[in-house]
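Student:
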Amino acid sequence: MYSSPIFEANFYHASEQAPQNAPIGIFDSGVGGLTVLRQLYRHLPQESVIYFGDTARLPYGIRSQAEILQFVREILTWMQQQQVKMVIMACNTSSALALEIVREEFNLPILGVILPGAKAAVQQGQRIGVIATPATAKSNAYRHAILEVDANAQVWQVGCPEFVPLIEQNRIHDPYTTEVARSYLEPLLAQKIDTLVYGCTHYPHLAPVLRSLLPSHVKLIDPAVHVVAACAQELDLLGIRNTQPPLPTRFAVSGCAQHFAQSGVQWLGYTPMVEEVCFTDTTVSHL
Ligand code: DGL
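For the sequence shown, counting from 1, position 178 maps to 180 in our numbering; every step adds exactly one.
Structural data, given as C-alpha cells:
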C-alpha cells in the first residue's frame, strides 16, 4: 500500500501501479481543463495524456454534490479502463465536492487543484480573493485549504455562475463578459485583496479581461501551474515518469466532438481529434 507524502489522503496499492509509459488522465466539465493540459505540455512534455471533457453535462458549478460525485465516479471508472497511471482532476468543482470521497474508492493516484492553489496563494499574499463556480464557493473548500496552510490569511470567495457558459460559448471578448467580470470583482476589490485565485480552471481563459479590471499589484494565482508541479513531484516519488516518446494526446467528450475541437483549437494551438464517449448507468461505450 502506498501513501503519498504530498497528498496524504491518497492510498493505493503500488503493486497495481500502471507502467511508466501509461498516460496521465486529465478531466474537466469542458475546455477549462485545457489550462491544466497547457501547463502539463510546458512542464512535463514527455508525458502522454488522455483528456476528458464532460461537455454534455456542463456546467458542473450549479449542480449538487450527489450529481458531481456520480459524474466523477463514471469518469474515473472510464479513466481506469483506459489504464491511466494517474488522474488530475482539472476541475475545482469536482475537487471541492468529490475528491476526498473518490480517493478512498479508487486505487489510483488522484490529484486535485485546490490544495496546490491554496499553497501558492498564501505565498503571495494575505488578503486572498477567490473567484469560483457557485458550488465551489459554497463548499468553502478554498477557505478551508488556505486557512489550513496559513491561519492568518483572510479569504473572500465569490461564486461566478455566468463565467463558464460565457467561456464555453467563446464570448471572452464580448463587452458583456467584461461587465459581468466587473460585478464579480467588485466585492473583492472593496476588501482590498492583494491576491486573486482562479478557483475554476475555465477562468485563466479570461486572463486579459480580469487583468484589465484589477489593480496591477494584485497577484493572480493559477492553480493549474501548481497542480502540474505537484504532479511532477508525485511522478518522481512513484518512479513513474515516462522515459519514452509521448503518444499524441487523446481527447474524449460526452457531448459534441466537433464543438469541442472548434473551441479547443484557440487554447491548444492545434485542432484536436476528439472522440465521443457515452456513459450509461454502469457501462461506458464509444460512439
Ligand atoms: N472548470 C470546472 C471548475 O474548475 C468546472 C466548471 C463548470 O462546469 O461549472 O470548477
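A virtual CB, placed ideally from N, CA and C, is assigned to each residue, including glycine.
DSSP three-state call for residue 275: helix, strand or coil?
Tutor: In the structure shown, residue 275 sits in coil (DSSP, three-state: anything other than H, G, I, E or B).
Student: Considering only heavy atoms of the ligand DGL, does any lie closer than 8 Å to the CB of residue 134?
Tutor: Yes; taking the cut-off as 8 Å, the Cβ of residue 134 has a heavy atom of the ligand DGL nearer than that.
Student: Between the C-alpha atoms of residue 282 and residue 89, what's the straight-line distance to the nearest angstrom?
Tutor: Rounded to whole angstroms, residue 282 to residue 89 spans 21 Å at the Cα level.
Student: Is residue 61 near the ligand DGL, in the sense that its beta carbon is under 8 Å from a heavy atom of that ligand?
Tutor: Yes, since a heavy atom of the ligand DGL falls inside the 8 Å radius drawn around the Cβ of residue 61.
Student: Do you know how far the Cα of residue 211 is from the Cα of residue 75?
Tutor: Whole-angstrom Cα-Cα distance: 34 Å.
Student: State the DSSP-derived secondary structure class of residue 161, mapped to helix, strand or coil.
Tutor: Of the three classes helix, strand and coil, the one that applies to residue 161 here is strand, per DSSP.
Student: Alpha carbon to alpha carbon, how far is residue 93 from residue 278? Give it in angstroms, no decimals.
Tutor: Spanning the two alpha carbons is a distance of roughly 20 Å.
Student: Taking the straight line between their C-alpha atoms, what separation do you get for residue 280 and residue 170?
Tutor: Rounded to whole angstroms, residue 280 to residue 170 spans 20 Å at the Cα level.
Student: Going by beta-carbon coordinates alone, are residue 198 and residue 222 separated by less than 9 Å?
Tutor: Cβ distance < 9 Å, so residue 198 and residue 222 count as in contact.
Student: Report, in whole angstroms, the separation of the C-beta atoms of residue 111 and residue 240, which I expect to be a contact under 8 Å.
Tutor: With 8 Å as the limit, residue 111 and residue 240 qualify as a contact, their Cβ atoms being about 7 Å apart.
Student: Can you look up residue 280 in the DSSP assignment and give me helix, strand or coil?
Tutor: In this structure, residue 280 counts as strand in the three-state DSSP scheme.
Student: Per the contact definition of three or more C-beta pairs closer than 8 Å, is the region 121-131 in contact with the region 63-80?
Tutor: No, they do not touch.
Student: Could you tell me which residues DSSP pairs with residue 90 in its beta bridges?
Tutor: DSSP lists 28 and 113 as partners of residue 90.
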